[in-house]
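The structure under discussion appears below in the form of structure tokens.
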């Protein structure tokens, strides 16, 4: 079935049973790469499903192509979520990485997107999710995703925002590419300009967020927090997690995006959350806290159900939002 027909059928079926919406002031439900627990991440159908399930924001990871287009994909490479090895075997032989930034948009248009592969490359990372063999999707551009979101906002009469991550700032810079300036140009064209607009921009790279600020962007910004041993950027996460680091973040961002383990370390025998001081310290500086990533099919060891995890984070630790592969379940919990 063509993707356009798939989208129409999916939307019609979901409109018949649109879920109730969270109340104003509730924590944000951020659909992590769309409704990626049900459909392949960062595809138009996954975004459509997340919108219909009641998400407040759709998370979009962006990487720039060689010819200057922003495509919605999580990895800097195409190997794990597309059939690039089949379409361009001469560029992926011997296990070579197919970097998005080394492909033109016209070449990426030739690929099919599919469920994420596991580390072995032979099986799905989440075997119970959408079948890996069903390769009926494509890698969308940022413009296509914004067209979809704004179209659904109109037809469903509900404003869902976009929560955008600029991926691999240093890798882009090494190739002479500036995804931040391109992002600002596209968002401005779609009417996203002010801090009150339904947009958050996040990055693990503090330099990328500083670039946004220096370029005059008024959109809300979030500093993602990782761990230094992940070796994904030169950003010093050990420092940023300290009171002094959070103070520095408050000078260029509106919130932080911590890994769940940086916020919640477990629960006591009586069921109380065992939390770090990160949320309290961030809130004292006026920073929002949006935690990643909540997955119903990959729970921390200290909970037995997804609802238990939501109880700890939303009702006890009181974070301001959660990134989740299963937005419908968070919406249902908030109801």
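Numbering (the numbering used here), first residue to last: 61 to 395. Using N, Cα and C, we set each Cβ at its ideal position, and we do this for glycine too.
Per DSSP, residue 124 is one residue of the beta strand (DSSP E) stretching across 117-124. Going by C-alpha positions, residue 294 is about 42 Å away from residue 216.
Here DSSP, grouped into helix, strand and coil, assigns residue 335 to strand. For residue 151, the enclosing alpha helix (DSSP H) begins and ends at 149-152. The C-beta of residue 125 has 16 or more other C-beta atoms within 10 Å across all chains shown, which makes the residue buried. DSSP places residue 229 inside the alpha helix (DSSP H), whose first and last residues are 229-234. Between the segment 237-257 and the segment 188-199, the count of Cβ pairs shorter than 8 Å is below three; the stretches do not touch.
Around the beta carbon of residue 301, 16 or more other beta carbons sit within 10 angstroms, so the residue counts as buried.
When DSSP states are grouped into helix, strand and coil, residue 104 belongs to the helix group. If only uninterrupted alpha helix (DSSP H) runs of at least 4 residues are considered, those enclosed by the segment 333-390 are 338-344, 366-370. The alpha-carbon separation between residue 129 and residue 267 amounts to approximately 21 Å. In this structure, the CA atom of residue 207 is about 12 Å from the CA atom of residue 222. Taking C-beta atoms as the reference points, residue 280 and residue 310 fail to come closer than 8 Å. Excluding residues up to 5 positions away in sequence, 111 lie with their Cβ nearer than 6 Å to the Cβ of residue 212 in the same chain. Remark: three or more beta-carbon pairs, one from each stretch, lie closer than 8 Å, so the segment 307-323 and the segment 341-357 are flagged as touching. DSSP places residue 287 outside any beta strand (DSSP E), giving it a letter other than H or E. Taking the CA atoms as reference points, residue 352 sits about 11 Å from residue 379.
The bridge partners DSSP lists for residue 259 are 222.
The bridge partners DSSP lists for residue 324 are 335.
The distance from the Cβ of residue 116 to that of residue 220 is about 7 Å, consistent with a contact at the 8 Å cut-off. In the structure shown, residue 200 adopts coil according to DSSP, grouped into three states. In terms of CA proximity to residue 143, 182 leads the group 182, 109, 325. By alpha-carbon distance to residue 92, the top candidate from 390, 394, 395 is 390.
For residue 88, the uninterrupted beta strand (DSSP E) run begins and ends at 88-91, by DSSP. In the structure shown, residue 177 falls within a strand segment according to DSSP collapsed to helix, strand and coil.
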